[in-house]
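Keeping their order, the protein sequence lines are chains W and Z. Count along the first sequence from 1, then add 208; that gives the number in the working numbering. Count along the second sequence from 1, then add 208; that gives the number in the working numbering. First up is the structure itself, then whatever we jot down about it.
2 protein chains.
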Amino acid sequence: MAFTPLLEDLIDALRCLPGVGQKSAQRMAFQLLERGREGGWALSRTLAAALEKIGRCETCQNFSETPQCPLCQDASRETDIMCVVESPADVMAIEQARDYRGQYFVLMGHLSPIDGIGPEEIGVDKLLQRVTREGTRELIIATNPTVEGETTAHYIADRLADNGVLITRLAQGIPVGGELGYIDGSTLVHAFTGRKPLAG
Amino acid sequence: MAFTPLLEDLIDALRCLPGVGQKSAQRMAFQLLERGREGGWALSRTLAAALEKIGRCETCQNFSETPQCPLCQDASRETDIMCVVESPADVMAIEQARDYRGQYFVLMGHLSPIDGIGPEEIGVDKLLQRVTREGTRELIIATNPTVEGETTAHYIADRLADNGVLITRLAQGIPVGGELGYIDGSTLVHAFTGRKPLAG
Chain W
209 MAFTPLLEDL IDALRCLPGV GQKSAQRMAF QLLERGREGG WALSRTLAAA
259 LEKIGRCETC QNFSETPQCP LCQDASRETD IMCVVESPAD VMAIEQARDY
309 RGQYFVLMGH LSPIDGIGPE EIGVDKLLQR VTREGTRELI IATNPTVEGE
359 TTAHYIADRL ADNGVLITRL AQGIPVGGEL GYIDGSTLVH AFTGRKPLAG
Chain Z
209 MAFTPLLEDL IDALRCLPGV GQKSAQRMAF QLLERGREGG WALSRTLAAA
259 LEKIGRCETC QNFSETPQCP LCQDASRETD IMCVVESPAD VMAIEQARDY
309 RGQYFVLMGH LSPIDGIGPE EIGVDKLLQR VTREGTRELI IATNPTVEGE
359 TTAHYIADRL ADNGVLITRL AQGIPVGGEL GYIDGSTLVH AFTGRKPLAG
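The structure is reproduced here in structure tokens:
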């Protein structure tokens, strides 16, 4: 005994979403069929449209509906500084802070040999070519401060060692509004190592 | 600064799924566009097909692709006993236990006035008509042993009080394989109250 075949198919299809197992997929399918039919139709249509029209920006690899994304097309941005991030969400967070005005390169992940993700999958060669072509002066490697993010940062830095570009990493320390008592040891070590004179 | 418009639409559409907030929707959208395009297309197609073809069984209200579901069509099942459950998943669990061979009625929820779910939304009138029409001898109200499930059970029992049908609830007690030390007080009270002679 199983559910009706199409319902089984729908539950299977929902399991392709990250973090969704059998029980959550079942719950989602029931809700879509019971009280969320309108939302279900919208999801089916929007998903098809997004899969059809959203590709990668030729220049920075970010998601884009046009061959070049709006940020890469923006002529008012600085061209000699480039920030390397792991995900489109990172670009959005940095843009919302409204401080950085340079170029981006989105790796869409980090090096993870166990998952079959090597330098080619994250576009390291493309990044290197772009740095050389655009005469980038500074490359800020803003991958996440995790083991994988650090590995990826060091790999890219190694590959660019002879290029003459200045390679930087984001400062590590206590976040604004953080409470010392709740901050982990490694972050505190970074904060002490990177301490600055109060006047400066 | 936001994501590309179609990506924003996709994130919004994914939020109609239960338990999915902004960040999970974002993660799902990224994964679908990045490494799960095939799964994404399958989801879009299957969802549309399911929304188009899956309706409710005229007799028991369960999800069905035909006017009557296979269980209601099965002439070999007993017709004088009916089991009322909250969800299609409950029907599946009971069928997998392979003991009960009677009819079903699926409420697709429970009474919840705060969410606007009253007797009409769960089909109580339809259940009453069916009990009368089919001359049901016993109605097992197998709603969940939660506050809402118990309320729903009592409401249905009240409405059927003058009908002459035997109304039963599933036995409550310790589950098979359970350890006494880990079982909550109310379950233990039920287990003691419902104790049986060892020979019987």
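By construction, the Cβ of each residue, glycine as well, lies at the ideal position given by its N, Cα and C atoms.
(1) Taking Z/THR340 as part of the alpha helix (DSSP H), name the residues at either end of that continuous run.
(2) Less than 8 Å between C-beta atoms, sequence neighbours within five positions excluded: which residues of the same chain meet that for Z/GLY357?
(3) Please look up how many angstroms separate the CB atoms of Z/VAL412 and Z/LEU315, rounded, as I've assumed it's under 8 Å.
(4) List, in chain order, every chain Z residue whose beta-carbon is nearer than 8 Å to that of W/ALA305.
(5) So that I know if they touch, is there some Cβ in chain Z lying closer than 9 Å to that of W/ILE262?
(6) To the nearest angstrom, report how far apart W/VAL303 and W/TYR312 are at their CA atoms.
(7) Using a Cβ-Cβ cut-off of 9 Å, state whether Z/ARG285 counts as contacting chain W.
(8) At a CB-CB cut-off below 7 Å, which residues of chain Z make contact with W/ARG235?
(9) Between which two residues does the beta strand (DSSP E) harbouring W/THR290 extend?
(10) Can you list, in chain order, the residues of its chain with a C-beta nearer than 8 Å to that of Z/GLY402? Leave out the 5 residues immediately preceding and following it.
(11) Would you mind telling me which residues of chain Z sit closer than 8 Å to W/GLN239, beta carbon to beta carbon, in chain order?
(12) Does the CB of W/LEU259 have a neighbour CB from chain Z at under 9 Å?
(13) Against chain Z, with Cβ distances strictly below 9 Å, would W/THR267 count as a contact?
(14) If you scan the segment 237-290 of chain W from start to end, which runs of the alpha helix (DSSP H) of 4 or more residues do you find wholly inside it?
(15) Excluding the five sequence neighbours on either side, which residues of its own chain have a C-beta within less than 7 Å of the C-beta of Z/LEU222, listed in chain order?
(16) Thinking C-beta only, is Z/LEU215 closer than 9 Å to W/PRO175?
(17) State yes or no: is the C-beta of W/GLU346 within less than 9 Å of the C-beta of W/VAL373?
(18) Is there a C-beta anywhere in chain Z that falls below 9 Å from the one on W/THR360?
(19) Could you compute how far the alpha carbon of Z/GLN230 sits from the alpha carbon of W/PRO226?
(20) Assuming W/LEU155 contacts Z/LEU255 (C-beta within less than 8 Å), just tell me the rounded distance between them.
(21) Can Z/ALA365 and Z/ILE348 be called in contact, C-beta distance under 9 Å?
(22) Is the shortest distance between the beta-carbon of Z/LEU214 and the beta-carbons of chain W less than 9 Å?
(23) Give a yes or no on whether the C-beta atoms belonging to Z/ILE289 and Z/GLY310 are separated by under 9 Å.
(24) Which two residues bound the contiguous alpha helix (DSSP H) that contains Z/TYR312?
(25) With DSSP run on the structure shown, which of helix, strand or coil describes W/ARG377?
(26) Quick check: the Cα distance between W/CYS224 and Z/GLU328, rounded to an integer number of angstroms?
(27) Against chain W, with Cβ distances strictly below 9 Å, would Z/THR340 count as a contact?
(28) Is the Cβ of Z/SER320 closer than 9 Å to any Cβ of chain W?
Taking the structure as given:
(1) Here residue 340 of chain Z refers to the residue found at position 132 when the second sequence is read from its first residue. That run of the alpha helix (DSSP H) goes 332-342.
(2) Counting from one through the second sequence, the residue named residue 357 of chain Z turns up at place 149. These residues qualify, in order along the chain: GLU294, HIS318 and THR351.
(3) In the structure displayed, chain Z extends from 209 to 408; residue 412 of chain Z sits before or after that span and is not available.
(4) What you label residue 305 of chain W is simply residue 97 of the first sequence in a count that begins at 1. None at all; the shortest Cβ gap to chain Z is about 10 Å.
(5) Along the first sequence, one-based indexing puts residue 262 of chain W at 54. True, the Cβ-Cβ gap to chain Z drops below 9 Å.
(6) Against the first sequence, residue 303 of chain W aligns to sequence position 95. Against the first sequence, residue 312 of chain W aligns to sequence position 104. According to the sequence shown, residue 303 of chain W is Glu rather than Val. Taking the straight line from one Cα to the other gives about 10 Å.
(7) Here the question's residue 285 of chain Z lines up with position 77 in the second sequence. Not an interface residue.
(8) Counted from its first residue, the first sequence places residue 235 of chain W at position 27. Within 7 Å Cβ-Cβ: PRO226.
(9) Residue 290 of chain W sits at position 82 when you count from the first residue of the first sequence. What sits at residue 290 of chain W in the sequence shown is Met, not Thr. Residues 289-293.
(10) Start at 1 with the first residue of the second sequence, and residue 402 of chain Z comes out as number 194. Here the set comprises ALA379, GLN380 and GLY381.
(11) Taking the first sequence and counting its residues from 1, one reaches residue 239 of chain W at position 31. Chain Z residues near W/GLN239: LEU225 and PRO226.
(12) The residue labelled residue 259 of chain W in the question sits at position 51 within the first sequence. By this cut-off, W/LEU259 is an interface position.
(13) Taking the first residue of the first sequence as 1, we reach residue 267 of chain W at position 59. Not closer than 9 Å to any Cβ of chain Z, the Cβ of W/THR267 fails to qualify, so no.
(14) 245-261 and 278-281
(15) Walking along the second sequence from the start, residue 222 of chain Z turns up at place 14. So the qualifying residues of the chain are VAL228, ALA233, MET236 and ALA237.
(16) Given that chain W is displayed from residue 209 to residue 408, the structure contains no residue 175 of chain W and the question cannot be resolved.
(17) For the purposes of this step, residue 346 of chain W is taken as residue 138 along the first sequence, with counting starting at 1. For the purposes of this step, residue 373 of chain W is taken as residue 165 along the first sequence, with counting starting at 1. In contact: W/GLU346 and W/VAL373 (Cβ atoms closer than 9 Å).
(18) As a first step, residue 360 of chain W must be located in the first sequence, where it is residue number 152. Output row for W/THR360: interface = no.
(19) As a first step, residue 230 of chain Z is located in the second sequence; it is residue number 22 there, counting from the start. As a first step, residue 226 of chain W is located in the first sequence; it is residue number 18 there, counting from the start. Taking the straight line joining both Cα atoms gives about 14 Å.
(20) With chain W represented from 209 up to 408, any question about residue 155 of chain W goes unanswered, as that position is not in the structure.
(21) Walking along the second sequence from the start, residue 365 of chain Z turns up at place 157. Walking along the second sequence from the start, residue 348 of chain Z turns up at place 140. No, Cβ-Cβ distance for Z/ALA365 and Z/ILE348 is not below 9 Å.
(22) Along the second sequence, one-based indexing puts residue 214 of chain Z at 6. Taking Cβ atoms only, chain W reaches closer than 9 Å to Z/LEU214, which makes this a yes.
(23) Taking the first residue of the second sequence as position 1, residue 289 of chain Z is located at position 81. Taking the first residue of the second sequence as position 1, residue 310 of chain Z is located at position 102. Yes.
(24) Here residue 312 of chain Z corresponds to residue number 104 of the second sequence, with the count starting at 1. Careful: Z/TYR312 lies outside any alpha helix (DSSP H), inside the beta strand (DSSP E) at 311-314.
(25) Start at 1 with the first residue of the first sequence, and residue 377 of chain W comes out as number 169. In this structure, W/ARG377 counts as strand in the three-state DSSP scheme.
(26) Indexing the first sequence from 1 puts residue 224 of chain W at position 16. Indexing the second sequence from 1 puts residue 328 of chain Z at position 120. Rounded to whole angstroms, W/CYS224 to Z/GLU328 spans 36 Å at the Cα level.
(27) Indexing the second sequence from 1 puts residue 340 of chain Z at position 132. No, no contact with chain W.
(28) Working through the second sequence from its first residue, we reach residue 320 of chain Z at position 112. False, the Cβ-Cβ gap to chain W never drops below 9 Å.
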